[in-house]
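Everything on this sheet refers to the single structure shown next.
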Amino acid sequence: MISTKNHSRKLSLLVAILILLAGVFLGGYLVLKSGRVAAGQLDDILKGKAIDIVACNPDTSDSNKDADNDGLKDWQEIQIYLSDPCKQDTDGDGYLDGEEAASGYDPTKKAPGDELPGTTPKGPRPLPANLTKALSSMLAQQIGSGKIDSFNKQGQILSAAELEKYPGLQQSVQQIMSAGEQLFAPEPIDDSQIETTTDNSKAAIQRYAGEVAAALVSSPDQAVSQESEASLFLTALQNNDFSEVALVLTNYQTAYQNLKNIQEPVPTDLLSLHKEQLNMLSGLIKIYQAIIEFNADPLKANLALQKYEVISLELVNWLQKLAEVIESHP
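Residue 854 in the numbering used here sits at position 268 of the sequence shown, and the numbers go up by one each step.
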């Protein structure tokens with residue numbers, strides 16, 4: 587059983603980190619305003635993530651049991667990888683044991699240089715499947731090892747300045763932030779799949795623009811509320827109802843595929859803008875997917891909301907550049 591004191595410390599710390607990550611960004615504002623970072627919910631997030639050795643009972647006779655919920659069965663940890671069945675991240679390098687093993691890395695050795703002997707990693711080191719769980723695991727290990735020593739004597743949530751006293755904590759936060767950036771990166775664009783034309787006349791641009799407009803129009807059966815997306819997110823978080831968000835996601839997915847398969851050649855003067863538009867749609871799809879999964883991974887959803895603000899600014903710049911191109915082709 588986790589002690590009340592340690593449990594409260596973990597809870598306060600995670601609240602503090604969520605606020606630290608939020609800063610003054612849209613994501614933090616919406617999540618805090620919605621009330622969805624209440625202590626009760628964070629308590630649910632932490633349950634079972636900081637595994638207490640006394641309560642952890644690995645069982646190799648049960649082929650499906652995963653005592654620490656890290657993606658490796660107990661028998662795999664004990665008999666194959668020799669990792670700790672009661673620690674989600676045995677080597678403490680920020681990657682869950684199951685994620686490392688599945689990609690060809692040794693869960694008992696810190697990165698780098700932790701490739702499994704006799705194997706070639708299947709690809710780059712995996713991103714955490716769940717940012718909230720990954721951060722919870724990091725925090726639990728740092729608290730357990732004494733790297734996070736104490737909190738505000740008044741029992742208040744730590745400020746950003748106070749958090750700076752814990753370099754290990756800062757590193758964990760930066761790892762999660764970096765993972766978030768990669769998770770919302772747009773899908774690669776295959777230039778060979780984009781048909782272009784050197785005809786940059788007004789007529790060619792108008793034909794292309796008409797095709798793009800048709801590609802982006804939502805289907806009648808996918809109509810959604812006309813409220814702003816920020817309001818849409820806030821309403822979804824407050825009501826724990828993401829059905830409207832799911833409809834918009836479907837629209838974006840359809841628009842992205844339509845734009846990728848556009849039949850009208852892209853005038854070369856608009857090629858970079860065409861690719862930027864694809865990138866923004868791709869990013870929005872990942873953002874919406876993360877927001878819909880708020881209950882499973884609130885930290886990832888928070889970062890998604892922050893990324894949405896970035897894409898909103900990119901859209902403003904994109905529209906300005908589009909206007910300049912149109913004006914230069916009278």
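Here a beta-carbon is modelled for each residue, glycine too, at the ideal position from N, C-alpha and C. Note that the structure is a prediction, hence the values are computed from the model and not measured.
C-beta atoms of residue i and residue j nearer than 8 Å
{"i": "Ser660", "j": "Thr676", "result": "The identity of residue 660 in the sequence shown is Asp, whereas the question assumes Ser. Not closer than 8 Å, so no."}
{"i": "Leu870", "j": "Ile897", "result": "yes"}
{"i": "Tyr842", "j": "Ser868", "result": "yes"}
{"i": "Asn786", "j": "Pro853", "result": "yes"}
{"i": "Lys872", "j": "Leu717", "result": "no"}
{"i": "Leu845", "j": "Leu864", "result": "yes"}
{"i": "Asp692", "j": "Leu658", "result": "no"}
{"i": "Leu908", "j": "Leu859", "result": "yes"}
{"i": "Glu900", "j": "Met866", "result": "yes"}
{"i": "Gln674", "j": "Asp648", "result": "no"}
{"i": "Thr784", "j": "Leu857", "result": "no"}
C-alpha distance - residue i paired with residue j, whole-angstrom precision
{"i": "Ala625", "j": "Pro884", "result": "The predicted position of Ala625 is uncertain, since its pLDDT is 35 and thus under 50; a value taken from the coordinates is nonetheless stated next. So the alpha carbons of these two residues sit roughly 13 Å apart."}
{"i": "Glu797", "j": "Glu910", "result": "20 Å"}
{"i": "Ala790", "j": "Ala688", "result": "50 Å"}
{"i": "Leu835", "j": "Tyr874", "result": "6 Å"}
{"i": "Asn881", "j": "Ala822", "result": "11 Å"}
{"i": "His915", "j": "Ile780", "result": "22 Å"}
{"i": "Ser764", "j": "Ala771", "result": "11 Å"}
{"i": "Leu795", "j": "Gly704", "result": "Note on residue identity: the sequence assigns Ala, not Leu, to residue 795. Answer to the nearest angstrom: the Cα atoms are 54 Å apart."}
{"i": "Val810", "j": "Ser829", "result": "In this prediction, Val810 scores a pLDDT of 48, lower than 50, which makes its location untrustworthy; no coordinate-derived value is stated."}
{"i": "Asp629", "j": "Ser817", "result": "Model confidence at Asp629 stands at a pLDDT of 38, short of 50, so the residue's coordinates are unreliable and nothing is read from them."}
{"i": "Pro644", "j": "Lys651", "result": "7 Å"}
{"i": "Glu917", "j": "Gly699", "result": "What is shown of the chain runs 587 to 916, which leaves residue 917 out entirely."}
{"i": "Pro774", "j": "Lys696", "result": "30 Å"}
{"i": "Tyr681", "j": "Asn826", "result": "30 Å"}
Own chain, CB closer than 6 Å to residue i, minus 5 neighbours either side, in chain order
{"i": "Cys642", "result": "Ala653 and Cys672"}
8 Å CB neighbourhood of residue i in its chain, flanking five on each side removed
{"i": "Lys819", "result": "The residue you asked about is not Lys; residue 819 is Phe in the sequence shown. Within the same chain, Phe819 has close Cβ partners Leu616, Val831, Ile877, Leu891 and Tyr894."}
{"i": "Leu668", "result": "Thr694"}
{"i": "Trp904", "result": "Leu859, Glu862, Gln863 and Met866"}
{"i": "Gln662", "result": "Ala687"}
{"i": "Glu701", "result": "Gly690, Tyr691, Asp692 and Pro707"}
{"i": "Gln839", "result": "Ile871"}
{"i": "Gln665", "result": "Thr646"}
Pick out the complete alpha helix (DSSP H) segments inside the region 784-835, 4 residues or longer, and give them in chain order.
788-802 and 815-825
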